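If you read the protein sequences in the order shown, they are chains A and B. First residue of the first sequence: 1, per the UniProt record's numbering; consecutive thereafter. First residue of the second sequence: 1, per the UniProt record's numbering; consecutive thereafter. Note that the Cβ used here is the ideal one computed from N, Cα and C, for glycine as well. Every value quoted in this text rests on a predicted model; they were computed, and no experiment measured them. Here the structure is laid out as C-alpha cells; the discussion comes afterwards.
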Amino acid sequence: MLRPLLTLLVLMLLTFDARSNVQEDIVIVVNKHNPIEYIEKRQLIDMYMGKYLAFPNGHIAVTLDYKKEHALRSAFFLALTGRNIAQINAYWSRVKFSGKASPPQAYPSIEAIIDKVVTTPSAIAYIPASAVTDELKVVYRFAK
Amino acid sequence: MRLFFLLFICIPFQAAAEQLKLDGFATIGLTITDSKTAGVRQHISQPNATYENEFGFTNSSAGGQIEWQANSSTQLVGQVIFKDNQEQNLDNIIQMAFLRYTPNANWQVRFGRTGLDLFMMTEHRDIGYTYTYDHPPTEFYAIVPHQNLDGADIKYTYSFSEGLFSSKFFIGRSTAPIVSDDNFFWDVELKSLFGLVLEWQSYDWTLRANYTATQSGNENEQQKQLRAALAQIPNEIWPQRPALLESLNIIGKRFNYSALGVRYDNSQWFAQSELSYIDSNSQVLKALTAGYASVGFYYNNHTLMTTFAQVKSNNTTPQRPLISSEQLDLLYNTIIRHTNFYLVDQNTLSVTLRTEINDSLAVKVQLEHTAVDSLPSAFYLHRDLEKGNFDNSFNTLGISLNWVF
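The following block contains the structure:
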C-alpha cells in the first residue's frame with residue numbers, strides 16, 4: 001500500500017520539478033571561453049531551426065537540445081518561435097527527413113547539457129536561469 | 001584485465017553511439033473514393049490504385065533514417081522507405097545515402113544519393129508526418145516520379161539582418177518508375193540533370209525559385225515496338241506518321257522544370273502556394289502548367305486547411321490514319337495512349353484536418369473533390385476505359401495515421 005503512494009509522491013514531485021523549471025526564466029548559455037557576449041533572437045531561431053549554425057562572429061555553433069519528452073523543450077520553443085511543440089516537431093521532421101540538416105544532439109537532463117557546454121567550446125544550449133554556473137556564460141535571456 | 005578490455009571496446013562504441021542518430025517514420029493511409037473509372041493514387045510510380053467500393057491502403061509507407069557524425073564537419077546520412085512499388089529492390093528502397101561536408105556555416109556540400117529538390121515537398125513527400133496535407137496535391141506533385149538525385153549538390157547560405165538567403169546547385173542523374181494501365185512500366189532515367197534553387201527565409205516567410213534541366217536517358221520496350229510498327233505505315237495513309245515517330249524517339253529529349261514557391265506562417269495561420277511550368281522538346285510533354293494554393297490555421301493541436309490545385313497541359317491528340325482497319329485502329333489507340341499520357345486538365349478542392357495525438361503521432365483527414373476534363377490521365381490507373389463513360393468528377397476521402405519515432 002505504501003509503495004504505490006510513494007511512487008505517486010515521487011511522480012508528483014518530478015512533475016512539480018519539471019513544471020517549476022518551465023515557470024522559470026530560460027537563458028541561453030555558451031562555454032565561458034566563447035568570445036561572444038550576446039546573441040539576437042533571430043540568430044537563435046536560425047540556429048535552433050537548423051537554418052544557419054553560426055555564432056555572430058561566424059564560428060560554427062553546436063546546438064544542444066533536450067530529449068523530446070523534456071518539459072523545458074516546449075517552453076523554450078514557444079518562447080523562441082511562438083510555435084507549439086507539435087508544430088516544431090513537424091518542422092524538424094521535415095528538415096531532418098529531407099536531409100537538409102540534422103537536429104541538435106538531444107540530452108536527457110539539464111545536468112547533461114551543462115556538462116556538454118562546459119566541455120565543448122562551440123556549444124550553445126538553453127537552461128533555467130537558476131541552473132547557471134560559473135563555467136557558463138549567459139548570452140540571451142527570455143523575458144517572462 | 002577483463003574489465004580493462006571491456007572498457008577498451010566500450011569507450012569508442014559509446015563515443016560513436018553518441019554521434020549516431022536513428023529515426024523512423026510510418027504512415028498508415030486509408031483511401032476511399034466514389035470514382036468508378038479513375039483509380040486514385042498519389043503519384044505516377046504507384047502500381048496500385050483505389051476505386052469505388054474499395055478500401056485502399058496503398059498510401060501507406062514506413063522507413064528509417066540513420067545519421068552518423070563522423071567528425072565536426074562530416075556527416076553520413078542514409079534513409080530507406082518501404083512503400084507501394086512495382087519492384088521492391090534496393091535501388092527503390094534507398095531514398096538517400098550521402099556524405100555531407102560542412103566546412104563552415106555558409107557552405108555545405110553533399111555527395112551521393114540526396115533528395116531531388118524540385119518542389120517544396122518533393123524530398124519528403126512519402127513521410128506523412130512532415131506536412132499538413134494527407135498527401136501532397138496530386139495536380140502538382142503526382143506528375144514527377146523522381147524523388148532523389150545520384151550526384152552532388154553545393155549550397156551557400158548567407159545571413160542578413162532581415163533573413164537568410166541560400167542558393168543551391170545540384171547535378172547528377174535520377175531514375176524512377178512510371179507505371180500505367182495494361183502493365184505499362186518504364187524505369188525512367190533522367191541524365192545530365194542539373195538545377196539551381198534560390199531561397200529566401202525570414203521569420204514568417206519562405207520564398208523559393210527552382211530551375212532544373214535534364215534529358216531523358218532511356219526508353220521503354222513499348223516505344224520501340226510502336227516505332228517499328230509505325231515504320232511499316234506509308235505517309236500517304238497516315239500523314240502525321242513522321243511527327244509520331246519523332247515523338248516516340250524519347251532518348252536525349254530535353255525536359256525543363258521551373259517552379260516558384262511561397263509560404264507564410266505566423267504560427268496562428270499559414271498560406272502556401274507553388275507554381276510550376278514543365279516544358280520539353282518532346283511531343284510527349286510539350287508544356288504543362290500546375291499550381292496549388294493552401295490556406296489554414298492552427299487551433300490548439302489541430303490544423304485546418306483548404307487547398308485548390310490545378311494542372312493543364314497543352315498536349316494535343318494526334319490525327320487518325322486516313323483509312324481504317326483493325327490493325328491500324330489498334331495501333332492508333334495504342335499510340336495515343338502513349339502521346340496522350342501527359343494530356344491532363346483537372347483541378348481538386350480539398351479540406352484537411354490534422355490533429356496531433358501526441359508529440360510524435362498525428363491523424364489526418366482529407367476530403368477532396370476532383371473535376372477532370374481529360375481521362376484517361378497519367379495521374380490515375382483506369383478501369384472500363386472501353387465503355388467510354390468516364391468519371392469526370394469524383395470525391396476522395398483520405399484518413400491517415402502518421403508517426404515519427
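- Taken in chain order, the complete beta strand (DSSP E) segments of 3 or more residues contained in the segment 184-231 of chain B are 184-201 and 205-216.
- Nearest to S377 (chain B) by C-alpha distance, out of B:G39, B:Q268, B:Q215 and B:F25, is B:G39.
- In its chain, beyond the 5 residues on either side, N301 and A362 have a beta carbon closer than 6 Å to the beta carbon of E356 (chain B).
- Assignment of F25 (chain B) by DSSP, reduced to helix, strand and coil, places it in the strand class.
- For F98 (chain B) and F111 (chain B), the gap between their C-alpha atoms comes out near 5 Å.
- By the neighbour-count criterion, in which 16 or more other beta carbons inside 10 Å mark a residue as buried, W238 (chain B) falls on the buried side.
- Just so you know, the alpha carbons of T33 (chain B) and G398 (chain B) end up roughly 9 Å apart.
- Of the candidates A:H33, A:V138, A:W92 and A:N84, the residue whose Cα lies closest to the Cα of A106 (chain A) is A:W92.
- Using a Cβ-Cβ distance cut-off of 8 Å, the segment 78-97 of chain B and the segment 46-65 of chain A are not in contact, since fewer than three pairs of beta carbons, one from each stretch, lie closer than that value.
- Cβ atoms of D279 (chain B) and K312 (chain B) stay farther apart than 8 Å, at about 13 Å.
- Along the segment 75-87 of chain A, going in chain order, the ones with a CB nearer than 8 Å to a CB of chain B are T81, G82, R83, N84, I85, A86 and Q87.
- The shortest CA-to-CA distance from T316 (chain B) to any of B:P137, B:G217, B:L285 and B:V295 is the one to B:L285.
- Check the Cα spacing between F270 (chain B) and each of B:T306, B:A259 and B:L244: the tightest is with B:T306.
- Taking 8 Å as the cut-off, the Cβ atoms of R41 (chain B) and Y380 (chain B) count as close.
- Using a Cβ distance threshold of 8 Å, Q65 (chain B) and D126 (chain B) do not count as a contacting pair.
- Among the CB atoms of chain B, none fall inside 8 Å of the CB of F142 (chain A).
- Exclusion of the five residues before and after K36 (chain B) leaves E52 and D391 as the residues of its chain whose Cβ lies within less than 6 Å of its Cβ.
- For A71 (chain A), no CB of chain B lies under 8 Å from its own CB, so it is not counted at the interface with that chain.
- In the three-state reduction of the DSSP assignment, Q42 (chain B) falls in the coil class.
- No Cβ-Cβ contact shorter than 8 Å links F170 (chain B) with F185 (chain B).
- Apart from the 5 residues on each side of it in sequence, M47 (chain A) sits with its Cβ closer than 7 Å to the Cβ of L53, A61, T63 and I124 in its chain, given in chain order.
- Bounds of any alpha helix (DSSP H) do not take in P121 (chain A), whose DSSP letter is neither H nor E.
- Excluding sequence positions up to five before and after L78 (chain A), its CB lies within less than 7 Å of the CB of N84, all in the same chain and listed in chain order.
- Along the segment 232-311 of chain B, the alpha helix (DSSP H) occurs as fully enclosed runs of 4 or more residues at 241-248, listed in sequence order.
- Note that the C-beta distance between T132 (chain B) and Y101 (chain B) is not below 8 Å.
- Y126 (chain A) carries a strand assignment under DSSP once its states are collapsed to helix, strand and coil.
- In this structure, I81 (chain B) lies away from S400 (chain B), with their beta-carbon atoms at least 8 Å apart.
- In the same chain as P108 (chain A), and ignoring 5 residues on each side of it, the C-beta atoms closer than 8 Å to its own belong to Y66, K67 and H70, in chain order.
- Taking 4 residues as the shortest admissible run, the segment 115-143 of chain B contains the following complete alpha helix (DSSP H) segments, listed from N- to C-terminal end: 138-141.
- Residue burial is scored here from C-beta neighbours: H338 (chain B) has at least 16 other C-beta atoms within 10 angstroms and is therefore classed as buried.
- Sequence-distant Cβ neighbours of I93 (chain B) in its own chain, meaning closer than 6 Å and more than five residues away, are V80.
- The segment 226-243 of chain B and the segment 262-269 of chain B do not touch, with fewer than 3 CB-CB distances between them shorter than 8 Å.
- Counting the other Cβ atoms within 10 Å of the Cβ of H382 (chain B) gives 16 or more, which makes it buried.
- Among the residues facing chain A, T157 (chain B) is included, as its CB has a counterpart in that chain under 8 Å away.
- Closest option to A309 (chain B), judged by alpha-carbon separation, among B:E386, B:S273, B:I335 and B:V188: B:S273.
- One finds A90 and R94 in chain A with Cβ atoms closer than 8 Å to the Cβ of Y131 (chain B), taken in chain order.
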